[in-house]
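Q: First the structure, then my questions, so here it is.
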Amino acid sequence: MNNLDKYNDIFAQVFGAKVEELGDSYSKENVSAWDSVHQLNIISLMEEIFDLMLDPEDIMACTSYNAGKEILAKNGIEL
Amino acid sequence: MLLNLDHIAPKRLAAIDNDGKQVTYAEILRLADDITTQVTERALCFMMVDNNVESLTWVMASLISKRLVPLILNAKTDEALYKNLLQTYRPKYIWKAGTLQRTDYPIVPLHPNLSHLLPTSGSTGSPKLIRHKYENIEAAGLNISTFFELKETDRPLMVLPLYYTMGLSMVFSHLRVGATVLITNRSMTDATFWKFIKDEHATSFTGVPYSFQILNLMRFFRMDLPDLELLTQGGGKMPHDLNVEFAKYCRDHNKRWIATYGQSECTARMAYLPAKWALDKVGSIGIAVPNGELSLIDENGTPITTPHTEGEMCYRGKNVTMGYAFSLEDLTKGDERNGFIRTGDLAYFDEDKCYYIVGRLGRFIKLFGMRVGLDECEQIIANDCQTECACVGTDEKMVVYITDATKQQAVKETLVEKTHIVATSFEIRLIDTIPKNEAGKKLYSKLENK
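Read top to bottom, the protein sequences are chains A and B. For the first sequence, the working numbering assigns the number 125 to the initial residue and increments by one for each residue that follows. For the second sequence, the working numbering assigns the number 5 to the initial residue and increments by one for each residue that follows.
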């Protein structure tokens, strides 16, 4: 699995999302299940899978599929 | 007067919310008077609440007036469930989006002691409600404010929902002492939440286990929150390591860490672990709240008096609710419990009479005639495999739901190793997320158990 697959798989695990659904509009505003519990799970998985320790700012900013990508990029993870 | 609220300085702030709205004690009492004028007969009212000042004010004013008997519901309640409740309970009033509306349903008799109704936690789609009496509010207010040593200058942060027993009891106990509740509807992963806690100088935080998982993830231990003096936890057992971490942090930073135990059936808190034992007895629910009494009975109903002997935990106190309602007719019923309840939880106590929950009655299965605790298995998996899970099952087989595909083999191996039961008795299934209610409690009824 490459990094992008791993990243997409997080959303599959947390929301049961299919790859086709993931994109610009996949965000807290548009995904009704996206609450703090889900956000917590995304963050936990990102930290675990990519071996990171994210800052609270990153955790708060992680409110969309794209934002998560930016956070990974900021932490030196190439997708 | 409910909770002696007329003895609080009228100009004091009772609550502040995330949108900057505020309400004084006097304003709550004034709304109560308005309700008494407008509503001439006691009537059921569905209150669709959000965690804000307006909802808190209306709930409290209704309780004070004793004219509106609220069924307190999440404003975002699922449409089908809401309609089902509406048809079952036919309320004369609905309070929604800030306005009180009359319906065409006729007025029906309500028991004079009935104060409010809450949905049973964990079950959605069920019209099963918990019937509270005014005396429960007084008892919860008194007991909880006593053991937390609440005072007028407290500014508790309330992130738990108003329609959830622990959230509501926070309001009762703090208003009783004239404190100012900081009520928020923001997610703990939202920047505005953290701005609110800092700007408003919150002095305490109350959460369920997952709230503390978020705090931990948000690097709470590195934050500078000098006003925060008390952390309290309820709503289920904390993961052991996380509990230790918070207890140690509080010990080292001159804060109090108090774990509690409670049920909706008892107006929230029933037991608490005094801060002095937070580390020595980590995992214990502690002792009964003031004016309450815990006890254990064995399978025959005989009291257990020896430490370290498991039995069903029972509770006696004025915060025990009157019973359940399943239909409109049930709202005329009086107290069916008379201050005593069997909790359905299995526990033992130690030499200091501190109680430890070991499982829930009914939350076990029998494999090859051997009793296997589902909660205990979850605990084992959580500890040994570091993964979230939900165990359900029948006497044929245990079904374990996990969210991490990589742990499938490890979970099975651990269970086999710990229980010494053959591997075919365990089926490990993958699921996207473990279904939970808003309070973070697992919704086992949503998981197929065969």
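In this text, a Cβ means the ideal position worked out from N, Cα and C, and glycines have one as well.
Would you call the region 146–160 of chain B and the region 101–111 of chain B in contact, with 3 or more CB pairs under 8 angstroms?
A: Verdict: no, contact absent.
Q: Would you list, in sequence order, the uninterrupted beta strand (DSSP E) runs of no fewer than 3 residues that lie entirely inside the region 146–218 of chain B?
A: For the region 146–218 of chain B, whole beta strand (DSSP E) runs of length 3 or above, ordered along the chain, are 160–162, 185–187 and 208–211.
Q: By the three-class DSSP mapping on this structure, what secondary structure does B:ILE20 have?
A: The answer is strand: DSSP assigns B:ILE20 an E or B state.
Q: Under 8 angstroms Cβ to Cβ from B:MET170, same chain only, skipping five residues before and after it: list those, please.
A: Hits under 8 angstroms: LEU164, THR210, VAL212, GLY238, GLY239, GLY266, ALA272, ARG273 and ALA443.
Q: What residues of chain B sit near A:GLY140, judged by a beta carbon separation below 9 angstroms?
A: Simply ILE435, ASP436 and THR437.
Q: Buried or exposed: where does B:LYS80 fall if 16 or more other Cβ atoms within 10 Å of its Cβ makes it buried?
A: B:LYS80 comes out exposed.
Q: Using the Cβ count rule (16 or more neighbours within 10 Å means buried), how would you classify B:ASP256?
A: Its Cβ having fewer than 16 others within 10 Å, B:ASP256 is exposed.
Q: Spatial neighbours of A:ILE195 within its chain, please: CB distance less than 8 angstroms, with the 5 preceding and 5 following residues excluded, ordered by chain position.
A: MET170, LEU178, ASP182, ALA185 and CYS186.
Q: Can you name the start and end residues of the alpha helix (DSSP H) that A:MET184 belongs to?
A: Here the alpha helix (DSSP H) through A:MET184 covers 180–185.
Q: Roughly how many angstroms lie between the CA atoms of B:TRP198 and B:THR236, to the nearest whole one?
A: One C-alpha to the other measures close to 18 angstroms.
Q: Ignoring anything shorter than 4 residues or poking outside the region 62–106 of chain B, list the alpha helix (DSSP H) runs there in chain order.
A: Runs of the alpha helix (DSSP H) inside the region 62–106 of chain B: 83–93.
Q: Go to A:MET170, then tell me how far its alpha helix (DSSP H) extends in each direction, as first and last residue.
A: Its alpha helix (DSSP H) spans residues 160–173.
Q: For a quick check, are the C-beta atoms of B:TRP351 and B:LEU300 less than 8 angstroms apart?
A: Per the sequence shown, residue 351 of chain B should be read as Ala rather than Trp. Yes, they are a contact pair.
Q: If contact is defined by three or more beta carbon pairs under 8 angstroms, each pair taking one atom from either stretch, is the region 214–223 of chain B in contact with the region 242–253 of chain B?
A: Yes, since at least three Cβ pairs between the region 242–253 of chain B and the region 214–223 of chain B fall closer than 8 angstroms, the two stretches touch.
Q: Quick check on B:SER127: buried or exposed, where buried means 16 or more other Cβ atoms within 10 Å of its Cβ?
A: In this predicted model, B:SER127 has a pLDDT of only 34, less than 50, meaning its place in the structure is not dependable enough to derive any value.
Q: Can you look up B:CYS270 in the DSSP assignment and give me helix, strand or coil?
A: Three-state DSSP puts B:CYS270 in a helix.
Q: Do B:GLY296 and B:CYS358 have their C-beta atoms closer together than 8 angstroms?
A: No; because the gap between Cβ atoms is not below 8 angstroms, this pair is not in contact.
Q: Please confirm whether A:ILE167 has its beta-carbon closer than 8 angstroms to some beta-carbon of chain B.
A: Output row for A:ILE167: interface = yes.
Q: Do the CB positions of B:VAL181 and B:ALA19 come within less than 8 angstroms of each other?
A: Not in contact: B:VAL181 and B:ALA19 (Cβ atoms no closer than 8 angstroms).
Q: How many angstroms separate the CA atom of B:THR423 from the CA atom of B:PHE368?
A: For B:THR423 and B:PHE368, the distance between alpha carbons rounds to 13 angstroms.
Q: In angstroms, rounded to a whole number, what distance separates the CA positions of B:VAL420 and B:CYS381?
A: Approximately 11 angstroms, taken between the alpha carbons.
Q: Which chain B residues sit within Cβ distance under 8 angstroms of A:ASP182?
A: Here the premise fails: no neighbours, minimum Cβ distance about 10 angstroms.
Q: Counting along the chain, where does the beta strand (DSSP E) carrying B:LEU434 start and finish?
A: Element bounds for B:LEU434: 430–434.
Q: Compare the C-beta of A:VAL143 against all C-beta atoms of chain B and say whether one is closer than 8 angstroms.
A: Cβ-Cβ to chain B under 8 angstroms: no for A:VAL143.
Q: Closer than 9 angstroms, Cβ to any Cβ of chain A: which residues of the region 37–58 of chain B, in chain order?
A: Those residues of the region 37–58 of chain B that come within reach of chain A (Cβ to Cβ, closer than 9 angstroms) do not exist; the list is empty.
Q: For B:LEU221, return the contacting residues in chain A, with the cut-off set at a CB-CB distance below 9 angstroms.
A: Under the 9 angstroms cutoff, chain A gives LEU164, ILE167, SER168, GLU171, LEU178, PRO180 and ILE183.
Q: Specify, as a first and last residue, the run of the beta strand (DSSP E) that B:GLY444 falls within.
A: No beta strand (DSSP E) contains B:GLY444, which DSSP labels as neither H nor E.
Q: Run the CB neighbour count on B:ARG159, radius 10 Å, all protein chains shown included, and call it buried at 16 or more, exposed below.
A: Counting Cβ neighbours within 10 Å, B:ARG159 comes out buried, since at least 16 surround it.
Q: For B:PHE353, does the count of other Cβ atoms within 10 angstroms reach 16, so buried, or fall short, so exposed?
A: Classification of B:PHE353: buried, given that the 10 Å Cβ count is 16 or more.
Q: Report buried or exposed for A:GLY192, applying the criterion of at least 16 other Cβ atoms within 10 angstroms of its Cβ.
A: The residue is buried, with at least 16 neighbouring Cβ atoms inside 10 Å.
Q: Spatial neighbours of B:LYS450 within its chain, please: C-beta separation below 7 angstroms, excluding the five flanking residues on both sides.
A: Within the same chain, B:LYS450 has close Cβ partners PRO439.
Q: Whole angstroms are fine: how far does the CA of B:ILE111 sit from the CA of B:GLU333?
A: Cα to Cα, B:GLU333 sits roughly 12 angstroms from B:ILE111.
Q: What are the boundary residues of the beta strand (DSSP E) that B:ALA1 is part of?
A: With chain B covering 5 to 454 only, the question about residue 1 of chain B has no answer from this structure.
Q: Roughly how many whole angstroms lie between the Cα atoms of B:ALA144 and B:MET162?
A: One C-alpha to the other measures close to 17 angstroms.
Q: Got a sec: is the Cβ-Cβ distance from A:ASP159 to anything in chain B below 8 angstroms?
A: It does: the Cβ of A:ASP159 has a partner Cβ on chain B nearer than 8 angstroms.
Q: Please name the residue in A:ASP159, A:VAL161, A:GLN137 and A:TYR131 whose C-alpha comes closest to that of A:GLY147.
A: The shortest Cα separation from A:GLY147 among A:ASP159, A:VAL161, A:GLN137 and A:TYR131 belongs to A:TYR131.
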